[in-house]
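Below: one structure, written as structure tokens.
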Amino acid sequence: MQPDGREIPRIIIAALRGGSGKTVLSIGIIAALSKLGTSVAPFKKGPDYIDAGWLALAADRPCYNLDSFLLSRNDNLQSFLDHSADCSVSVIEGNRGLFDGIDLEGSTSTAALAKLLKCPVVLCVDCTKITRTMAAMVMGCAQFDADVMIKAVILNRVANQRHEKKLRESIEHYCGIPVLGAIPKLGHQHFPERHLGLVPTPEHDWAQDSIAAVTKIAEKHIDIQAIIKIARQAPDLNIEDRGLKREWGMGNTETRDPRPENQSLSRASCIQHRVSGVNRTATRNQEPAARNQQPGISDPQPAPKIGIIRDSAFQFYYPENIDALSDGGAEVVFISPLNDRDLPVLDALYIGGGFPETHAEQLAANKKFSEKLKTLAQTGFPIYAECGGLMYLGEKLVLEGKSYPMAGILPVTFDFYKRPQGHGYTIVHVEGENPYYDVGTVIKGHEFHYSRVSNWAGDKNDLVFRMKRGVGIDKDRDGILYKNVLATYTHVHALGTPGWAGALVRNAIEFKKLRK
């Protein structure tokens, strides 16, 4: 354990651009390290769920997202310290190109995160049809920002030994940066791709076989011991000098916290639970009933039960979101419209994102589940839904001309396209009254969806979010409200939107009282 977070061996796997193969490379390195008996803390820079799922599978522990748009500087650093503390090495996969961000300064880039964490960078470079010019590109990155510590290069998609020799000699001669490996071109059989990046792990029957195959490639073609050596050379993190605060409410948003007396959520002792077949760590401070005790109330209230739909259709959840609901006093119950014929007794429901379109027939067939959910919604049952969850609550999904009925809670129909209809960070302004956010709240999140609303039979006033950045439902509005149901294309992170979990728990408590 490193309680002060000072000595944490760590590396960032970065690239010159997206699509360079750094995710597969990161998976291979993490799995190879784990095979050596090294405990690895995996992290994903950016909001991506799919890559994080694969990294978690490779490490056999949760992968946490670090994101300087969604989260504050303090929250990113604290999350890293919290989830690295009991591991031998931390591996962070970057996203896009090393210096790519949303602004001129690259404030949301992988490089910015590397500087925040004082983290050595291993650069993964796609060597397709290039030799000596790659040295110029690596040199440019090394000189672009002297505070970014590029310590090594790994060559990817190398054609043959002669190709590797030219690349290795050029980079080491002109840049003075060691080349720690050369990966040959891999076939698609190793990692099937869909949408953005990789197929979600629960949808891939041969996930462990893919991990094993890439592990062998990493062991054969990468100097894993050199990776460990670089990670151990990472400088100390002096957290006292940064004035770090252990608070959930430091998110990089202007969100006002609707919890009673701004009751904070604590992150303390760890317990284990399972997420998508991977051991996950959830932070909890007390038993659910005790955690639910409100300020000024002597007797603890029974914990409300919040359902989370989690299966191969709905799998996009940040671990912190689940932790926040539990830490806020709820008992979390995992359910599935793919596998469960009926709903258990619940006080609220959280439906995250995923790809319901790939399971449309199964979802449509489970009418008992969807009809009961619709009946509950009509009674004021609290539901918070993101992206895939929004689609499931609609009237129907239309795929290649065929319609699949969904829960029918919201008067909306979705069509699907080959290209993303919304992709990137979002900023939404809450303009309408709703059970979860105060009017005037500004929320930072992200969206990624191939669906688009083709028919909306509701009222404009039912859309309570105004889009300041992003697409949402109609490029201007988002957030469909029906009674205590709020459904949106925007995904939120509990650390960056600290009032979200408390509001859902509070609504669950109120519904529980009514149910009695």
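Under the working numbering, the first residue of the sequence shown is numbered 3, with each subsequent residue one higher.
All C-beta atoms in this analysis are idealised placements derived from N, C-alpha and C, irrespective of residue type, glycine included.
Remark: C-beta atoms of T415 and N457 approach each other more closely than 8 Å. Runs of the alpha helix (DSSP H) lying entirely within the region 390-469 and spanning at least 4 residues, in chain order: 390-395. With a 10 Å radius around the Cβ and a threshold of 16 neighbouring Cβ atoms, Y419 comes out exposed. When the five nearest sequence neighbours on each side are left out, the beta carbons in the same chain lying within less than 7 Å of the beta carbon of M141 are those of Y176 and C177, in order along the chain.
As for any beta strand (DSSP E) of minimum length 3 sitting wholly inside the region 65-104, the runs are 66-68 and 91-95, ordered along the chain. Residue burial is scored here from C-beta neighbours: R98 has at least 16 other C-beta atoms within 10 angstroms and is therefore classed as buried. For the region 343-386, the continuous beta strand (DSSP E) assignments of 3+ residues that do not extend past its boundaries occur at 350-353, in sequence order. Residue range V123 to D128 is occupied by the beta strand (DSSP E) that includes L125, with no alpha helix (DSSP H) assigned at that position. Judged by pairs of C-beta atoms under 8 Å, the region 481-489 touches the region 450-469, as three or more such pairs exist. For P44, the enclosing beta strand (DSSP E) stretches over residues V42 to K47. By the 16-neighbour rule on beta-carbons within 10 angstroms, V430 is buried. Taking C-alpha positions only, R454 is separated from L392 by approximately 11 Å. As a beta-bridge residue in DSSP terms, F336 pairs with I310.
Going by DSSP, R12 is part of the beta strand (DSSP E) stretching over R12 to A17.
Across the structure, T133 and H223 are spaced so that their CA atoms are roughly 19 Å apart. Taking the Cα positions, W502 is about 14 Å away from P321.
Secondary structure at V155: strand, using DSSP grouped into helix, strand and coil.
Boundaries of the beta strand (DSSP E) around T490: V487 to T490. When the Cα atoms are used, L497 and N162 turn out to be separated by approximately 46 Å.
Shown here, V494 sits in coil according to DSSP, grouped into three states, outside any helix or strand. The beta-bridge partner set that DSSP reports for I511 is empty. One thing to note: A387 has its Cβ no nearer than 8 Å to the Cβ of L378. Under DSSP, V160 shares a beta bridge with P186.
Residue G472 holds the alpha-carbon nearest to the alpha-carbon of G424 among A326, G403, G472 and F101.
Of the residues G410, L516 and W56, the one whose Cα lies closest to the Cα of L348 is L516.
When only Cα atoms are considered, A220 and A43 end up about 18 Å apart. In this structure, N486 sits near G382, with a CB-CB distance shorter than 8 Å. Burial is judged here by how many other beta carbons sit within 10 angstroms of a residue's own beta carbon; N240 has fewer than 16 and is exposed. In this structure, G426 sits near H448, with a CB-CB distance shorter than 8 Å. Straight-line measurement puts the Cα of S70 at about 17 Å from the Cα of H85. Rounded to the nearest angstrom, the gap between the Cα atoms of V91 and L119 is 14 Å.
At the C-beta level, P358 and L399 come within 8 Å of one another. D53 carries a helical assignment under DSSP once its states are collapsed to helix, strand and coil. By the neighbour-count criterion, in which a residue is buried when 16 or more other Cβ atoms sit within 10 angstroms of its Cβ, N341 is exposed. Distance from the CA of G48 to the CA of T110, rounded to the nearest whole angstrom, comes to 9 Å. Separation of G403 and R63 (C-alpha to C-alpha, rounded to the nearest whole angstrom) is 41 Å.
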